[in-house]
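Enquirer:
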Amino acid sequence: MIRFTLSQLADIASGELQGSDLAIDEVTSDTRKITAGCLFVALKGERFDAHDFAEQAKQAGAGALLVSRKAGVRFTPGWW
Numbered sequence: 009m010i011r012f013t014l015s016q017l018a019d020i021a022s023g024e025l026q027g028s029d030l031a032i033d034e035v036t037s038d039t040r041k042i043t044a045g046c047l048f049v050a051l052k053g054e055r056f057d058a059h060d061f062a063e064q065a066k067q068a069g070a071g072a073l074l075v076s077r078k079a080g081v082r083f084t085p086g087w088w
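Letter by letter, the sequence shown follows residues 9 to 88 in our numbering.
Structure representation (structure tokens):
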């Protein structure tokens with residue numbers, strides 16, 4: 009997998025980085041497949057909104073979240 013930083017992703021997605029600029033090499037949108045330090049992408053569909061699982065993703069070991077709205081989850085330096 010390609011390694012990238014969160015600041016690079018924020019630039020590509022025209023988003024805003026909040027928190028530490030971590031290097032990421034694993035990405036998932038499934039909380040059952042989270043690995044330590046991975047990026048969790050909170051997808052939203054007609055019948056689901058993964059933003060509802062943001063805290064669960066953090067507790068499972070995600071190092072960062074990619075969200076389209078505030079998810080109410082805070083990461084502290086050295087979280088995982």
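In this text, a Cβ means the ideal position worked out from N, Cα and C, and glycines have one as well.
1. Just list the residues that DSSP pairs Val-75 with in beta bridges.
2. Excluding sequence positions up to five away, which residues of its chain have a Cβ less than 8 Å from the Cβ of Ile-32?
3. What does the alpha-carbon distance come out to for the pair Ser-28 and Phe-83?
4. Measure the C-alpha to C-alpha separation of Asp-57 and Thr-39 and round it to an integer number of angstroms.
5. Quick one: measure Cβ to Cβ for His-59 and Val-49, integer angstroms, because I've assumed they're closer than 8 Å.
Expert: With the given structure in hand:
1. The residue given as residue 75 occupies position 67 in the sequence shown. In the DSSP output, where bridge partners are listed per residue, Val-75 has none listed.
2. Taking the sequence shown and counting its residues from 1, one reaches residue 32 at position 24. Taken in chain order, the residues that qualify are Arg-11, Phe-12, Thr-13, Leu-14, Leu-17, Gly-45, Cys-46, Leu-47, Gly-71, Ala-72.
3. As a working mapping, residue 28 is identified with position 20 in the sequence shown. As a working mapping, residue 83 is identified with position 75 in the sequence shown. Using only the alpha carbons, I get a separation of about 9 Å.
4. Position 49 of the sequence shown, counted from the first residue, corresponds to residue 57. Position 31 of the sequence shown, counted from the first residue, corresponds to residue 39. Roughly 12 Å between the two C-alpha positions.
5. Residue mapping note: residue 59 aligns to position 51 of the sequence shown, counting from 1. Residue mapping note: residue 49 aligns to position 41 of the sequence shown, counting from 1. So it is not a contact: roughly 11 Å between Cβ atoms.
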